[in-house]
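> I have a structure I would like to understand better, so I am pasting it below and will then ask my questions one at a time.
Chains as they are written, first to last, in my numbering: chain A, 94 to 174; chain B, 17 to 444.
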């Protein structure tokens, strides 16, 4: 049997941004509303810092989503909050 | 490194009575009695005539009129494959056995024992003592591709490359701070992806989850795994769903960890049948086998969790059925009740019946209370825990060791969501 596995790993997401880096579409789904946004900075004292801008958003279909922009690599990911 | 051991056309070789019978002859495993009229595994000569596994019998005979059908032998295949698996376990390998004729194991823990990758491969060959294709690579799928590429006497080893520091995180599709960049000794997928890029998509046919994609991919003009890997994840997911996403991951050199099977001793009892080859008489024979199995001293009081019922049929061929009991038992009456309905699945009268204990449960002796105890009492809580353990063990017996996991909060207040909870094996 394999060992422990992390739960809730980020999954790559396809995001189109609007002004100010606000997500406009996520995986082709139109975004209706931004509920909250927050910044996480961690491991800044190491050679591999973690910098993420999280967005809690609601799609036009009424679905709650959490995505983040990896400010180090420039890639977008979706993740349950 | 994952090592793949592949014995080509294993089922057909066993059913035909040896590899010599296949040489130059167009053979195929006949459809099971009462089942769909499609051929099973086919020989090289039949394949050269355009006959493939799973083809409708009529079409196969139209393409190759001299095709000879061989009755399937699931019982013989299970026995022969069991012997091969035990031989591989004898060199210290923890095996994943997706089907008869195909085995995977991790070589990392065996390198010191056998003297490097080549030593491990040589030990596997020596243990099996038959022509076998061996490949090794960073992932299961890559190792399979390597094994299929080589001839019997050689092995193909696809060496992984390892990421250095932050370079891996910067290039990979995993963000900083996630699981992979925390373990810099994890092989990256570039070596596997490079190796797989020029291989045909027909390799996906060796994996049950992705086998159905081979034909539509070919129709779309996607011939190599490199072409598949270059497609966007969303486009593949939209067209093919979860199997497509898995196929793309495999083509990109990604794969899940091996799910190794637990080696356990097996007990078996069998009887040659004279007249009692069907109906109530056969049920009585089954009762005798159950009693004899439970009387075996090697059982050491343990209950039985999973059994295999197999038979050799009067008109040729064999039959095999695995039964996972709802709870581990040692009561012959309840075992008979669970097993007897399976005899109705026999496609023809049996000449020989065998019952094999595959997995064991805890020792017998658990007794129910005469009166319903207080629901808050320690005895009741212990009973609930026992039932939960039993349920976990049943799920694992039916669906593999990773079927029951426990979510453990390791850092619930972490601001980084993936650091809060991990899956760990559920204590059975």
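A virtual CB, placed ideally from N, CA and C, is assigned to each residue, including glycine.
Residue 250 of chain B touches chain A at which residues, Cβ-Cβ below 9 Å?
Position 234 of the second chain holds residue 250 of chain B. Going along chain A in sequence order, the residues near residue 250 of chain B (Cβ under 9 Å) are 107, 120, 121.
> What residue does the beta strand (DSSP E) around residue 18 of chain B start on, and which one ends it?
To locate residue 18 of chain B, count along the second chain from 1; it is residue 2. Run containing residue 18 of chain B: 18-22, per the beta strand (DSSP E) assignment.
> Is the beta carbon of residue 373 of chain B closer than 8 Å to that of residue 305 of chain B?
What you label residue 305 of chain B is simply residue 289 of the second chain in a count that begins at 1. What you label residue 373 of chain B is simply residue 357 of the second chain in a count that begins at 1. Result no, Cβ atoms of residue 305 of chain B and residue 373 of chain B do not sit closer than 8 Å.
> Output yes or no for whether 8 Å exceeds the beta carbon distance between residue 89 of chain B and residue 31 of chain B.
By 1-based counting over the second chain, the position of residue 89 of chain B is 73. By 1-based counting over the second chain, the position of residue 31 of chain B is 15. Yes; because the gap between Cβ atoms is below 8 Å, this pair is in contact.
> Taking the straight line between their C-alpha atoms, what separation do you get for residue 427 of chain B and residue 436 of chain B?
Reading the second chain from its first residue, position 411 is the one you call residue 427 of chain B. Reading the second chain from its first residue, position 420 is the one you call residue 436 of chain B. Taking the straight line from one Cα to the other gives about 4 Å.
> Label residue 86 of chain B either buried or exposed according to how many other C-beta atoms from any shown protein chain fall within 10 Å of its C-beta, with 16 as the threshold for buried.
Within the second chain, the letter at position 70 stands for residue 86 of chain B. Its Cβ being crowded by 16 or more others within 10 Å, residue 86 of chain B is buried.
> List the residues of chain B that residue 172 of chain A touches, going by C-beta distances under 8 Å, in chain order.
Here residue 172 of chain A refers to the residue found at position 79 when the first chain is read from its first residue. Chain B residues near residue 172 of chain A: 433, 434.
> Below 8 Å on the Cβ atoms is my contact criterion, and I expect residue 21 of chain B with residue 140 of chain B to pass it. Report the Cβ-Cβ distance as a whole number of Å.
Numbered from its first residue, the second chain carries residue 21 of chain B at position 5. Numbered from its first residue, the second chain carries residue 140 of chain B at position 124. With 8 Å as the limit, residue 21 of chain B and residue 140 of chain B qualify as a contact, their Cβ atoms being about 6 Å apart.
> Please compile the residues from chain A whose C-beta is within a distance smaller than 7 Å of the C-beta of residue 445 of chain B.
An answer regarding residue 445 of chain B cannot be provided, because it is not within the stretch 17 to 444 covered by chain B.
> Exposed or buried, which one is residue 333 of chain B when buried takes at least 16 other CB atoms within 10 Å?
Looking up residue 333 of chain B in the second chain gives position 317. It counts as buried.
> For residue 123 of chain A, list the residues DSSP reports as bridge partners.
If you number the first chain from 1, residue 123 of chain A lands on position 30. According to DSSP, which records beta bridges pairwise, residue 123 of chain A is partnered with A/118.
> Which class does residue 425 of chain B belong to by DSSP, given the choice of helix, strand or coil?
If you number the second chain from 1, residue 425 of chain B lands on position 409. Looking at residue 425 of chain B - three-state DSSP - the assignment turns out to be strand.
> Please tell me whether residue 124 of chain A has its Cβ less than 8 Å away from any Cβ of chain B.
Taking the first residue of the first chain as 1, we reach residue 124 of chain A at position 31. Judged by the 8 Å Cβ criterion, residue 124 of chain A is not in contact with chain B.
> So the alpha helix (DSSP H) residue 304 of chain B belongs to, where does it begin and stop?
By one-based count along the second chain, residue 304 of chain B stands at place 288. That run of the alpha helix (DSSP H) goes 295-310.
> Compare the C-beta of residue 143 of chain A with all C-beta atoms of chain D and state if any pair is closer than 8 Å.
Reference to chain D is not applicable here, since the protein chains of this structure are A and B.
> Give the DSSP-derived three-state secondary structure of residue 103 of chain A in the structure shown.
In the first chain, residue 103 of chain A corresponds to position 10, counting from 1. DSSP, reduced to helix, strand and coil, places residue 103 of chain A outside both helices and strands of the structure shown, so it counts as coil.
> Taking the straight line between their C-alpha atoms, what separation do you get for residue 221 of chain B and residue 441 of chain B?
Numbered from 1 along the second chain, position 205 holds the residue referred to as residue 221 of chain B. Numbered from 1 along the second chain, position 425 holds the residue referred to as residue 441 of chain B. Cα to Cα, the separation comes out at about 31 Å.
> Sort B/205, B/244, B/224 by Cα distance to residue 216 of chain B and report the nearest one.
By one-based count along the second chain, residue 216 of chain B stands at place 200. Comparing alpha carbon positions, the residue from B/205, B/244, B/224 closest to residue 216 of chain B is B/244.
> How far does the beta strand (DSSP E) with residue 366 of chain B in it extend, from its first residue to its last?
On the second chain, position 350 is the one that residue 366 of chain B refers to. Residues 366-379.
> What does residue 133 of chain A reach in chain B if we use C-beta pairs closer than 7 Å?
On the first chain, position 40 is the one that residue 133 of chain A refers to. The contacting residues are 431, 432.
> Given this structure, state the Cα-to-Cα distance separating residue 287 of chain B from residue 91 of chain B, to the nearest angstrom.
On the second chain, residue 287 of chain B is found 271 positions in, with the first residue counted as 1. On the second chain, residue 91 of chain B is found 75 positions in, with the first residue counted as 1. Residue 287 of chain B and residue 91 of chain B have their C-alpha atoms roughly 14 Å apart.
> Answer with buried or exposed for residue 27 of chain B, where buried requires no fewer than 16 other C-beta atoms within 10 angstroms of its C-beta.
Here residue 27 of chain B refers to the residue found at position 11 when the second chain is read from its first residue. By the 10 Å Cβ count, residue 27 of chain B comes out buried.
> For residue 275 of chain B and residue 112 of chain B, which I take to be in contact (beta-carbon distance under 8 Å), what is that distance rounded to the nearest angstrom?
On the second chain, position 259 is the one that residue 275 of chain B refers to. On the second chain, position 96 is the one that residue 112 of chain B refers to. Going by Cβ atoms, the distance from residue 275 of chain B to residue 112 of chain B rounds to 5 Å, so yes, they are a contact pair.
> Would residue 205 of chain B be called buried (16 or more neighbouring beta carbons within 10 Å of its own) or exposed?
Within the second chain, numbered from 1, the residue matching residue 205 of chain B stands at position 189. Under this definition residue 205 of chain B is a buried residue.
> Are residue 359 of chain B and residue 298 of chain B closer than 8 Å when you measure CB to CB?
If you number the second chain from 1, residue 359 of chain B lands on position 343. If you number the second chain from 1, residue 298 of chain B lands on position 282. Cβ distance < 8 Å, so residue 359 of chain B and residue 298 of chain B count as in contact.
> From the DSSP output, read off the bridge partner residues of residue 286 of chain B.
What you label residue 286 of chain B is simply residue 270 of the second chain in a count that begins at 1. In the DSSP output, where bridge partners are listed per residue, residue 286 of chain B has B/370.
> Please name the residue, chosen from A/131, A/154, A/173, A/106, that lies closest to residue 249 of chain B on a Cα-to-Cα basis.
As a working mapping, residue 249 of chain B is identified with position 233 in the second chain. Cα-wise, what sits closest to residue 249 of chain B is A/106.
> Since residue 250 of chain B is in the alpha helix (DSSP H), which residue starts that stretch and which ends it?
As a working mapping, residue 250 of chain B is identified with position 234 in the second chain. Taken as a continuous stretch (DSSP letters only), the alpha helix (DSSP H) holding residue 250 of chain B covers 249-267.
> Would you kindly work out how many angstroms separate the C-alpha atoms of residue 173 of chain B and residue 102 of chain B, rounded to a whole number?
To locate residue 173 of chain B, count along the second chain from 1; it is residue 157. To locate residue 102 of chain B, count along the second chain from 1; it is residue 86. Those two C-alpha atoms are separated by around 24 Å.
> Go to residue 240 of chain B, then tell me how far its beta strand (DSSP E) extends in each direction, as first and last residue.
Taking the second chain and counting its residues from 1, the one referred to as residue 240 of chain B is at position 224. In the DSSP annotation of this structure, residue 240 of chain B is not part of any beta strand (DSSP E), being labelled neither H nor E.
> For residue 205 of chain B, which three-state DSSP category applies?
For the purposes of this step, residue 205 of chain B is taken as residue 189 along the second chain, with counting starting at 1. DSSP places residue 205 of chain B in coil when its eight states are reduced to three.
> Give me, in chain order, the residues of the same chain whose beta-carbon lies closer than 6 Å to that of residue 422 of chain B; leave out the 5 immediate sequence neighbours on both sides.
In the second chain, residue 422 of chain B corresponds to position 406, counting from 1. The residues are 440, 442.
> Taking the continuous beta strand (DSSP E) assigned at residue 400 of chain B, which residues delimit it?
Taking the first residue of the second chain as 1, we reach residue 400 of chain B at position 384. Here residue 400 of chain B belongs to no beta strand (DSSP E); instead the alpha helix (DSSP H) covers 394-415.
> With C-beta atoms as the reference, is residue 98 of chain A less than 8 Å away from residue 136 of chain B?
Locating residue 98 of chain A in the first chain gives position 5, where the first residue counts as 1. Locating residue 136 of chain B in the second chain gives position 120, where the first residue counts as 1. No, they are not a contact pair.
> Given a threshold of 16 other Cβ atoms within 10 Å of its Cβ, counted over all protein chains shown, does residue 93 of chain B qualify as buried or as exposed?
Translated into the one-based positions of the second chain, residue 93 of chain B becomes position 77. Flag for residue 93 of chain B reads buried.
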